[in-house]
Amino acid sequence: MANIGVYIELKEDKLKKSNREVLGFARRSGRDVTAVIFTNNIVPFLEDLKGVKQVIQVKGDDLAYQPDIYADTLAAVIKEYKLEDFLAIYSAQARDLFPRVTVRVGNASLVNDCLAIDLDNHQATRPVYAGKLLCNYKIEDEFRIFTIRQNIFPVEPAGAAGDPQVQAYNLVKKEVKSKILEVIKSASKKIDLVEAEIIISGGRGIKAKENFPLLQEVADLLGAGMGASRAAVDAEYATYDMQVGQTGKVVNPKLYIACGISGAIQHFVGMKTSKIIVAINKDPEAPIFKKADYGIVGDLFKVVPLLKKELEAVLH
Amino acid sequence: MNVYVCIKQVPDTEASLNIKEGKRINEENIKWVINPYDEYAIEEALKLKEKKPEIKVVLVTLGPVRVESALRSGLAMGADEAIHIEVADSLEPQITARALAKAIEQEGDIGLVFTGKQAIDDDAYQTHLFIAEYLGLPAATNVTAFSFQGDKVIVEREIDEGSKEKIEMALPCLVGASKGLNTPRYASLMGIMKAKKIALKKLTLEGLGMKDIRHKVVAEKLVSPPEKPQGKIIQGEPEEAVKELVRLLREEAKVL
């Protein structure tokens with residue numbers, strides 16, 4: 001059986017949460033798993049890497065993400081260790097990195113945003129048309145690279161599984177064509193919508209940029225991310241990084257609260273895999289109510305403050 | 001100097017889609033548009049041309065005959081020329097990227113290549129970076145700001161929640177555009193009239209030296225995702241409804 005490789009993506013030297021989803025899937029396959037991680041200090045990650053057979057620890061003077069260096073290194077590792085099936089999270093970094101890795105490996109194909117993968121039959125299912133439909137692909141290639149959608153695959157602790165063998169590997173430094181000069185951090189500490197467990201979103205019904213703090217107060221109570229519909233972004237009530245939908249982010253939290261969002265298909269496809277959808281809208285005919293698990297027909301400016309009050313009462 | 005813009009024709013975002021023969025969508029009654037992210041790519045190229053009139057903006061696309069209308073729309077916005085690689089059906093990202101790269105190489109004098117960051121039909125999110133790899137160009141994706149600094153290009157690319165990477169690239173390079181980069185213009189009536197008179201350059205895969213193509217990622221089955229059952233509208237005065245909602249979220253749905 002083919003060896004499985006897993007790319008462990010770090011963010012500010014910490015394990016991104018969804019790595020556990022990828023690792024869980026790889027371990028369940030029953031095959032030998034090789035994890036690839038770019039770090040000079042492996043110790044903090046060993047607990048999460050239990051049950052992995054070997055870890056390729058890529059070391060270097062400067063391990064800050066650079067697409068060309070990471071792509072050349074990963075391509076070299078994949079070929080050298082014959083990691084015929086290779087898995088990663090479908091993250092912002094993966095979108096930038098894995099197309100380059102695919103070409104540099106050669107004889108490789110890439111399937112992004114997988115919802116299900118059948119390693120034995122070289123098949124994967126992924127959403128197309130922003131999830132209006134699902135497509136099952138068969139991959140007929142020597143190397144198969146899959147990135148998985150976050151929050152879909154279950155996380156399981158490695159339990160009593162053994163420690164991996166760790167092998168050091170030197171960063172491959174060839175030509176740097178696209179050079180990241182700096183990472184400009186957002187001034188506000190926003191919650192990553194793609195990883196968020198709860199999202200509260202505002203639409204056209206929010207009426208003004210100044211009204212978003214109303215939702216933010218509820219978001220803060222729940223530790224939720226803040227989203228918006230395209231209508232709210234186009235009206236400049238919210239910024240594009242908050243947009244959920246076909247031309248924005250695709251999210252799947254366990255709870256999605258849509259406030260003043262009519263529920264156009266463009267928006268719906270971006271959040272429909274949420275476990276529970278709550279709609280608050282004053283228009284009883286709004287299409288969002290057909291899609292929501294729970295709906296309240298009412299003015300969001302009345303309902304949302306009540307919701308905040310009720311949550312404060314029950315959660316504390 | 002040529003500034004290339006790779007575009008794709010896709011179903012409008014509002015389109016509801018039906019499956020035909022298990023593997024493809026029923027194309028009847030679909031309104032086709034330029035992929036929204038590609039419109040940002042076209043706009044950025046046209047903005048450059050306004051500053052440097054010697055630039056020629058060349059659109060490149062691959063697809064069946066219907067994609068001519070996407071090229072016409074792009075020409076109407078102000079692009080100078082359009083290349084159509086005519087194929088019977090859409091092709092997988094690697095083959096598409098190879099064909100687009102070859103067409104660009106053949107046309108030559110590459111100043112810059114703009115594309116959308118992804119097409120909203122197959123959402124494969126890879127074709128543009130493949131084009132850059134095949135052409136040996138530096139590339140950035142999900143770009144929301146573009147500028148020149150001397151003979152280099154500086155772009156900003158959105159990563160997680162409002163954070164950005166600032167990236168430097170030598171020319172020529174490829175830029176995968178995202179929303180926020182600019183506001184695409186509407187075609188003027190004069191632009192539409194002018195676009196009608198421009199002859200499209202037609203290419204074939206054979207002409208590009210791609211005779212035997214083999215798909216490695218084969219779409220086997222297209223299905224509709226399971227429908228969500230109709231939910232519950234919580235009745236009553238707002239105070240009561242909110243109390244009930246929170247109770248249901250905690251006790252029935254168990255998400256709080």
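In the order they appear, the protein sequences are chains L and H. For the first sequence, the residue numbers in our numbering are 1 to 316. For the second sequence, the residue numbers in our numbering are 1 to 256. Think of the CB as a built atom: it goes at the ideal place given N, C-alpha and C, for glycine as much as any other residue. None of these values were measured; they are calculated from a predicted model.
Would Tyr7(L) count as contacting chain H if we go by Cβ distances under 8 Å?
The residue labelled residue 7(L) in the question sits at position 7 within the first sequence. At a cut-off of 8 Å between beta carbons, Tyr7(L) makes no contact with chain H.
Flag this pair as yes or no: are the beta carbons of Ile145(L) and Phe98(L) separated by less than 8 Å?
Counted from its first residue, the first sequence places residue 145(L) at position 145. Counted from its first residue, the first sequence places residue 98(L) at position 98. Contact: yes.
Is the beta carbon of Ile265(L) closer than 8 Å to that of Glu14(H)?
As a first step, residue 14(H) must be located in the second sequence, where it is residue number 14. As a first step, residue 265(L) must be located in the first sequence, where it is residue number 265. It is a contact, given that the beta carbons lie within the stated cut-off.
Taking Val155(L) as the reference, which of Asp48(L), Lys290(L), Tyr65(L), Ala187(L) has the closest Cα?
Translated into the one-based positions of the first sequence, residue 155(L) becomes position 155. If we check each option's Cα against that of Val155(L), Asp48(L) comes out closest.
Per DSSP, which one or two residues make a beta bridge with Val58(L)?
Residue 58(L) sits at position 58 when you count from the first residue of the first sequence. Beta-bridge pairing by DSSP links Val58(L) to Phe38(L), Tyr169(L).
C-alpha distance - Gln165(L) paired with Leu87(L), whole-angstrom precision
For this step, residue 165(L) is matched to residue 165 along the first sequence. For this step, residue 87(L) is matched to residue 87 along the first sequence. Going from the Cα of Gln165(L) to the Cα of Leu87(L) covers about 19 Å.
So Val183(L) is in the beta strand (DSSP E); what residue range does that whole segment cover?
If you number the first sequence from 1, residue 183(L) lands on position 183. Taken as a continuous stretch (DSSP letters only), the beta strand (DSSP E) holding Val183(L) covers 178–184.
Can you have a look at Tyr129(L) and say buried or exposed, based on whether 16 or more other CB atoms are within 10 angstroms of its CB?
Position 129 of the first sequence, counting from 1, holds the residue named residue 129(L). Classification of Tyr129(L): buried, given that the 10 Å Cβ count is 16 or more.
First and last residue of the alpha helix (DSSP H) that includes Pro127(L)?
Taking the first residue of the first sequence as position 1, residue 127(L) is located at position 127. Element bounds for Pro127(L): not the alpha helix (DSSP H) but the beta strand (DSSP E), 123–128.
CB-CB length for Lys117(H) against Ser178(H), believed under 8 Å:
Taking the second sequence and counting its residues from 1, one reaches residue 117(H) at position 117. Taking the second sequence and counting its residues from 1, one reaches residue 178(H) at position 178. Contact between Lys117(H) and Ser178(H) holds: CB atoms are separated by about 5 Å, below the 8 Å threshold.
Cβ-Cβ distance between Asn136(L) and Lys221(H) below 8 Å:
To locate residue 136(L), count along the first sequence from 1; it is residue 136. To locate residue 221(H), count along the second sequence from 1; it is residue 221. If you check the CB distance, Asn136(L) and Lys221(H) come in under 8 Å.
Which residues, in order along the region 185–196 of chain L, keep a beta-carbon less than 9 Å from a beta-carbon of chain H?
Lys185, Ser186, Ala187, Ser188, Lys189, Lys190, Ile191, Asp192, Leu193, Val194, Glu195
Gly298(L): contacting residues in chain H (beta-carbon distance under 8 Å)
The residue labelled residue 298(L) in the question sits at position 298 within the first sequence. Under the 8 Å cutoff, chain H gives Pro238, Ala241.
8 Å is my cut-off, CB to CB: does Tyr237(L) come that close to chain H?
On the first sequence, residue 237(L) is found 237 positions in, with the first residue counted as 1. No, Tyr237(L) lies away from the interface with chain H (no Cβ there is under 8 Å from its Cβ).
Whole-angstrom C-beta distance between Leu23(L) and Lys16(L), which should lie under 8 Å:
Position 16 of the first sequence, counted from the first residue, corresponds to residue 16(L). Position 23 of the first sequence, counted from the first residue, corresponds to residue 23(L). Lys16(L) to Leu23(L), Cβ: 11 Å. No contact.
Straight-line gap, Val246(H) to Val304(L) (C-alpha atoms, nearest Å)
The count along the second sequence starts at 1 and reaches residue 246(H) at position 246. The count along the first sequence starts at 1 and reaches residue 304(L) at position 304. Here the alpha carbons of Val304(L) and Val246(H) stand approximately 12 Å from one another.
Determine the contact status of Ala140(H) and Ser178(L), defining contact as a CB-CB distance below 8 Å.
On the second sequence, position 140 is the one that residue 140(H) refers to. On the first sequence, position 178 is the one that residue 178(L) refers to. Their beta carbons are under 8 Å apart, which means Ala140(H) touches Ser178(L) by this criterion.
Contact between the region 10–25 of chain H and the region 113–133 of chain L: three or more CB pairs below 8 Å?
yes
Helix, strand or coil for Lys194(L) per DSSP?
As a position in the first sequence, residue 194(L) is number 194, starting the count at 1. According to the sequence displayed, residue 194(L) carries Val and not Lys. Three-state result, Val194(L): coil.
Scan the region 104–124 of chain H for residues whose Cβ lies nearer than 9 Å to a Cβ of chain L and list them as they occur along the chain.
Lys117, Gln118, Ile120, Asp121, Asp122, Asp123, Ala124
What residue from Ala292(L), Gly248(L), Asp234(L), Val251(L) has the CA that sits closest to Cys259(L)'s CA?
For the purposes of this step, residue 259(L) is identified with residue 259 of the first sequence, where counting begins at 1. Of Ala292(L), Gly248(L), Asp234(L), Val251(L), the residue nearest in Cα terms is Ala292(L).
Minimum C-alpha distance to Val67(H) - residue among His84(H), Leu17(H), Arg214(H)
Position 67 of the second sequence, counted from the start, is the residue given in the question as residue 67(H). Comparing Cα positions, the closest option is His84(H).
Helix, strand or coil, according to DSSP, for Cys134(H) in the structure here?
Position 134 of the second sequence, counting from 1, holds the residue named residue 134(H). The sequence shown places Tyr at residue 134(H), rather than the Cys named in the question. Of the three classes helix, strand and coil, the one that applies to Tyr134(H) here is helix, per DSSP.
Does the region 189–198 of chain H touch the region 126–134 of chain H, meaning 3 or more C-beta pairs lie closer than 8 Å?
Taking a contact to require three or more Cβ pairs closer than 8 Å, the region 126–134 of chain H and the region 189–198 of chain H do not qualify as touching.
So Leu260(H) and Ile276(L) are in contact, right, with Cβ under 8 Å, and what is the actual spacing, rounded?
Within the shown structure, residues of chain H are numbered from 1 to 256, placing residue 260(H) beyond reach of any answer.
Of all the alpha helix (DSSP H) runs that stay within the bounds of the region 69–105 of chain L, which reach a length of 4 or more residues?
Runs of alpha helix (DSSP H) with 4 or more residues, each lying fully within the region 69–105 of chain L, are found at 92–105, listed in chain order.
To the nearest angstrom, report how far apart Lys8(H) and Arg185(H) are at their CA atoms.
Working through the second sequence from its first residue, we reach residue 8(H) at position 8. Working through the second sequence from its first residue, we reach residue 185(H) at position 185. If you take the alpha carbons of Lys8(H) and Arg185(H), they lie about 18 Å apart.
Give me the Cα-Cα distance between Ser186(L) and Thr147(L), rounded to the nearest whole angstrom.
Walking along the first sequence from the start, residue 186(L) turns up at place 186. Walking along the first sequence from the start, residue 147(L) turns up at place 147. Each residue's Cα considered, the two are about 26 Å apart.
Does the pairing of the region 195–213 of chain L with the region 242–253 of chain L give three or more beta-carbon distances under 8 Å?
yes
Per DSSP, what kind of secondary structure is Gly5(L) in: helix, strand or coil?
As a working mapping, residue 5(L) is identified with position 5 in the first sequence. Of the three classes helix, strand and coil, the one that applies to Gly5(L) here is strand, per DSSP.
What residues of chain H sit near Gly295(L), judged by a beta carbon separation below 8 Å?
The residue given as residue 295(L) occupies position 295 in the first sequence. In chain order: Gly231, Lys232, Ile233, Ile234.
Hey, Val6(L) and Ile69(L) are a contact pair by Cβ (cut 8 Å); roughly how many whole angstroms apart?
Position 6 of the first sequence holds residue 6(L). Position 69 of the first sequence holds residue 69(L). Rounded, the Cβ-Cβ distance is 19 Å, inconsistent with contact.
With which residues is Asn136(L) paired in a DSSP beta bridge?
Residue numbering aside, residue 136(L) sits at position 136 when the first sequence is read from its first letter. Asn136(L) is bridged to Thr125(L), Lys221(H).
Taking just the CA atoms, how far does Ala71(L) sit from Arg100(L)?
Along the first sequence, one-based indexing puts residue 100(L) at 100. Along the first sequence, one-based indexing puts residue 71(L) at 71. One C-alpha to the other measures close to 6 Å.
Which residue comes first and which comes last in the beta strand (DSSP E) that contains Ile280(L)?
Along the first sequence, read from residue 1 onward, the residue named residue 280(L) stands at position 280. Looking at the DSSP string, the run of the beta strand (DSSP E) that includes Ile280(L) is 276–281.
Roughly how many whole angstroms lie between the Cα atoms of Val223(H) and Glu50(H)?
Counted from its first residue, the second sequence places residue 223(H) at position 223. Counted from its first residue, the second sequence places residue 50(H) at position 50. Straight-line Cα distance between these residues: approximately 45 Å.
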